[in-house]
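Colleague: Letter by letter, the sequence shown follows residues 1 to 801 of my numbering.
To start, I am sharing the structure in question, which I have written as structure tokens.
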Amino acid sequence: MDHAGIATQMVVERELAKESKKRTDFTREEFIHKVWEWKNHSGGMITKQQKLLGESVDWSRERFTLDEGLSKAVFKVFKSLYDEGLIYRGERIINWCPASQTAISDLEVEFRETKGKLYHIKYPIHGKKDQFLVVATTRPETMLGDVAVCANPEDERYTSLKDVVLDLPLTNRQIPLLFDSFVDKEFGSGLVKITPAHDANDFEAGQRLGLKPLLVMNPNGTMNENAGIYQGLDRFEARKKVLADLEAKGLIEKIEDHIHAVGHNSRGGAVIEPYLSTQWFVKIKPLADLAVQAVQSGQVEFIPKMWEKTFFEWMNNIRDWCISRQLWWGHRIPAYHCKKCKHFEVSETAVTVCTSCGSQEVEPDPDVLDTWFSSQLWPFSTLGWPDQTEDLKRYYPTSVLVTGFDIIFFWVSRMIMMGMKFMQAPPFHKVLIHGLVRDKDGKKFSKSVGNVIDPLVMMDKYGTDSFRFFLAATLPEGKDILFDESRLDGYRSFCNKIWNSSRFILMNLEESFVPIGITPDIEKDLEPMDQWILSRFNHCLEEYNKAHSKFHFYEMAAAIYEFIWGDFCDWYIELVKPRAYGKVSPRSAEVAKQVLSDVLIRALGLLHPFMPFLTEEVHSVFSDQYIVTTPFPKSYPVASDSLGVQKLNLLQEIVTKIRVMRSENGVAPDKKCKAIVKSSDNLSSFTILENEVSLLQLARLESIRIDTLYEIQKTDSVSHFTKGEIVLPLEGLIDVAKEKARLEKELQKSELEKEKLEIKLSNPGFLSKAASEVVEKERDKLKTLIDKVEVLKKGIQNLAG
């Protein structure tokens, strides 16, 4: 667990604010003590939630980034990188949050599309009455920190003005007109204001042009003494005042509506200021090159592979990482300053006496490290590094890292960098990227929007196993989940199905029953339905393992879901009931019970990673062992094309066809009908004769017979199957005119819905703005409607004769 520097400190400060107190009302040590108190409470809650979710881990290995051992690794890495010149202290433009008054990294800035204004300001040419150059800006308050105006050296509009000096509006300063190729001569007037202390591009241009930055803002977002009469005003109040004064002096040429991306602190939402500050940085490019090499050489593989492209783009355009934070909570930067002789040193251990002059007036650096600095060391710091422990030798590197795409750069890339640098090997071989959980419309969960869900509430309402299965079953590779609560209800029904079928099996087992599995003695007496269910389990296991090898957990969930609900519960259990009840013979009952119990036990093994609580509860009836300690389920020695399997496949096809025919023609569930099979195939004849009782029960038939010479009547419903035709005489079962009218009404409604969806999906605006998952969901709806329309048309056609 990491210490979440900014987020944690903000939470504790908000709690103090409820008591009308501030962080500065306490000493640093007192405040940190309060944060530890909060952490011990909330950290315990997180662990509790993880346990409620069913996470099966070795809790004795729980670690925290501020633990003593991990802190030792942090200071070791800092000192090592500093000694190599890869960590340095310098003055640069950083992302500054005036609300929390700390630097934040580029990746913690959330850019939001904002409707703003573009202000075109007149800069008077010094000594030239009524002559101006016009410069556009979205932040007019920073104009007070301008030190030049710049044009492109190839812009013919300004090449004759090389020696021009401008009067900076609202100040008594003059600034030069300079030339630099970074200026886009096609944008606006082709002029840009140079404010090196408040813009990253301007800072770099200022360095090239030898300009001295002028900071006009305080750390809290108010204007400082360099802002003149605007000193003390909040930055946004200063903007209003500056604009009013410019307007009064006739120095605004025009104001345009302007949509642009404005950086906000992703933690608290405050608008970020590009701000010149002295901070600690990591010279990241040499480390990034190590990570790129690890991925290019195949030592690290991203799954899905498309994320490698994103990774390379970030790595190849990386900038030095600002690692210092103006906070109290976190790892103190291990740098020490002597107040007496100004000596400065970095040390892994605390320095109390100056190593240069012997003075005890030594002060530690007040800043702390970015939380990600310690988190990037997690794969080896948690195993005891820098000590060469047995855990380190055994568990480093690991096989797979499972994480979200939103922290590939924050965490994944940095872990690879540090692993390659300090362990000479990447920390993991595969990086499995999953999506995020969004609401059913594809929007991110947000308290301000009001669409946030509490997982614990969902788990309490639907059950933890249902919630876990939902997450696995609806998480396609690398894509986001659209959270739909109705799906949870469906998976709760699945849990109930498993529970009820397990109860049925257990209720029919004698107290003396011992599950021995499919032994040779049992195997020789297997009936076709037994061979079929064993074959279906083998198919499920094959699909499950194939999906697992590709990390397609949603396909694993689908395979076990379809097997348990469909093959096992809806088909095999229904077919085997007469035998389980002892209505056939004692030996048949014995074999049926062994098959029932063994298939259930193996199915529980496959289901266990998704539903640990329910599966352990049922499994405990059969064994004292936990499922997780038992061997992984294996396939049965049964051929998928055996005669018994073929018969049951045919039986299943016939029943399914009849059920569809009944539904399409509106035959009420409580009405039994007759069925005629037109087929000269011997397998069909044997299957129907051997399983007549099951056919009548499962298809809700009054009778079924084979008649190759039967003449099809106008009111009959006909459907083809692999071995012939199935006929359902409908006369007397339904009111043909009434049913035809119902289907026509349903067809009209479905075609209207289909037309609306087609229009929606042909709208470029919807396709470009909606989340890809939402678009895919709508396309699935359209496909379902197209199929439904065809079925309704067929039903109407049948009824029309």
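We put the beta carbon where it would ideally sit given N, CA and C, even for glycine.
All figures in this text were calculated on a predicted structure; none of them were measured in a lab.
Look at Leu246 and Pro140 and say whether their C-beta atoms are less than 9 Å apart.
Modeller: Taking 9 Å as the Cβ cut-off, Leu246 and Pro140 qualify as a contacting pair.
Colleague: Going by CA-CA distance only, name the one from Tyr119, Arg157, Asp167 that's closest to Lys129.
Modeller: Of the candidates Tyr119, Arg157, Asp167, the one whose C-alpha sits nearest the C-alpha of Lys129 is Asp167.
Colleague: Buried or exposed for Arg579, please, with buried defined as at least 16 other CB atoms from any protein chain shown within 10 angstroms of its CB.
Modeller: Classification of Arg579: buried, given that the 10 Å Cβ count is 16 or more.
Colleague: At a cut-off of 8 Å, would you count Val660 as near the ligand MG, judging by its Cβ distance to the nearest heavy atom?
Modeller: This structure simply doesn't include the ligand MG, nor any ligand for that matter.
Colleague: Which of helix, strand or coil does DSSP assign to Asn649?
Modeller: Of the three classes helix, strand and coil, the one that applies to Asn649 here is helix, per DSSP.
Colleague: Are the beta-carbon atoms of Ser694 and Gly724 separated by less than 9 Å?
Modeller: In this structure, Gly724 does not lie closer than 9 Å to Ser694 by Cβ.
Colleague: Quick check on DSSP: helix, strand or coil for Asn40?
Modeller: If DSSP states are grouped into helix, strand and coil, Asn40 belongs with the helices.
Colleague: Compute the Euclidean distance between the alpha carbons of Phe563 and Thr389, then round it to the nearest angstrom.
Modeller: Each residue's Cα considered, the two are about 46 Å apart.
Colleague: May I ask you to verify whether the stretch 699–707 touches the stretch 733–745, counting CB pairs closer than 8 Å and requiring at least 3?
Modeller: No, the stretch 699–707 is not in contact with the stretch 733–745.
Colleague: Can the beta-carbon of Ser466 be found less than 9 Å from the beta-carbon of Phe483?
Modeller: No, these two residues do not count as a Cβ contact at 9 Å.
Colleague: Can you name the start and end residues of the alpha helix (DSSP H) that Ser680 belongs to?
Modeller: Unbroken run through Ser680: none, as it is neither H nor E.
Colleague: Helix, strand or coil, according to DSSP, for Met529 in the structure here?
Modeller: Residue state, collapsed to three classes: helix.
Colleague: Per DSSP, which residues does Gln174 bridge with? Please list them.
Modeller: According to DSSP, Gln174 bridges with Asp167.
Colleague: For the beta strand (DSSP E) containing Gln279, name the first residue and the last one.
Modeller: Run containing Gln279: 273–282, per the beta strand (DSSP E) assignment.
Colleague: My guess is that Ser324 and Gln279 are in contact by the Cβ rule of under 8 Å, so how many angstroms apart are they, rounded?
Modeller: About 5 Å; that satisfies the 8 Å criterion.
Colleague: Among residues of its own chain, excluding the 5 on either side of Thr352, which ones have a beta-carbon nearer than 8 Å to its beta-carbon?
Modeller: Result list for Thr352: Gln360, Val362, in chain order.
Colleague: Out of curiosity, what's the CA-to-CA distance linking Asp805 and Met1?
Modeller: Examination of residue 805 is not possible in this model, given that the chain is present from 1 through 801 alone.
Colleague: In whole angstroms, give me the CA-to-CA distance for Lys671 and Leu730.
Modeller: Taking the straight line from one Cα to the other gives about 11 Å.
Colleague: What does a CB cutoff of less than 6 Å around Cys150 pick up in its chain, not counting 5 residues either side in sequence?
Modeller: Correct list, in chain order: Leu178, Asp180, Val183, Val192, Ile194.
Colleague: Under the DSSP definition of a beta bridge, which residues are partnered with Ser703?
Modeller: BP columns for Ser703 point to Lys674.
Colleague: Rounded to the nearest angstrom, how far is the Cβ of Ser719 from that of Ile726, given a contact under 8 Å?
Modeller: Indeed, because the Cβ distance is near 5 Å, the residues count as touching under 8 Å.
Colleague: Where does His33 sit, in a helix, a strand or coil, going by DSSP?
Modeller: Here His33 sits in helix by DSSP.
Colleague: Could you round the C-beta distance between Leu118 and Ala227 to whole angstroms and report it? I think they count as a contact, below 8 Å.
Modeller: Contact doesn't hold; Cβ gap of about 22 Å is too wide.
Colleague: What residue range is occupied by the uninterrupted alpha helix (DSSP H) comprising Asp735?
Modeller: It is not in any alpha helix (DSSP H) - Asp735 carries neither H nor E in the DSSP assignment.
Colleague: Quick one: Cα of Ile807 to Cα of Asn218, how far?
Modeller: The shown model of the chain, from 1 to 801, leaves out residue 807, and the question about it has no answer.
Colleague: Cβ atoms of Trp328 and Phe31: under 9 Å apart, would you say?
Modeller: Contact: yes.
Colleague: Can you look up Val351 in the DSSP assignment and give me helix, strand or coil?
Modeller: In the structure shown, Val351 sits in coil (DSSP, three-state: anything other than H, G, I, E or B).
Colleague: Below 8 Å on the Cβ atoms is my guess for Val74 versus His331; work out the distance and round it to an integer in Å.
Modeller: Correct: roughly 5 Å between the Cβ atoms.
Colleague: I'd like the list of long-range same chain contacts for Asp234, defined as Cβ closer than 7 Å, with 5 residues on each side in sequence excluded.
Modeller: Once the five neighbours on either side are set aside, the close Cβ partners of Asp234 are Gly221, Thr222.
Colleague: Is there contact here, the stretch 105–119 with the stretch 332–345, by at least three beta-carbon pairs under 8 Å?
Modeller: They do not touch, by the three-pair rule.
Colleague: Expressed to the nearest angstrom, what Euclidean distance is found between the alpha-carbon atoms of Glu543 and Ala559?
Modeller: Going from the Cα of Glu543 to the Cα of Ala559 covers about 6 Å.
Colleague: Could you give the first and the last residue of the continuous alpha helix (DSSP H) run that contains Leu506?
Modeller: Segment 485–507, the alpha helix (DSSP H) holding Leu506.
Colleague: Once you ignore the five residues that flank Gln9 on each side, which residues in its own chain have a CB closer than 6 Å to its CB?
Modeller: Result list for Gln9: Leu327, Trp329, in chain order.
Colleague: Could you tell me how far apart the beta carbons of Phe622 and Pro515 are, in whole angstroms, since I believe they sit closer than 8 Å?
Modeller: Yes, they are in contact, since the Cβ atoms of Phe622 and Pro515 sit about 6 Å apart, within 8 Å.
Colleague: Between which two residues does the beta strand (DSSP E) holding His126 run?
Modeller: Taken as a continuous stretch (DSSP letters only), His126 belongs to no beta strand (DSSP E), as it is neither H nor E.
Colleague: In angstroms, rounded to a whole number, what distance separates the CA positions of Tyr336 and Ile87?
Modeller: In a straight line, the C-alpha of Tyr336 is about 15 Å away from that of Ile87.
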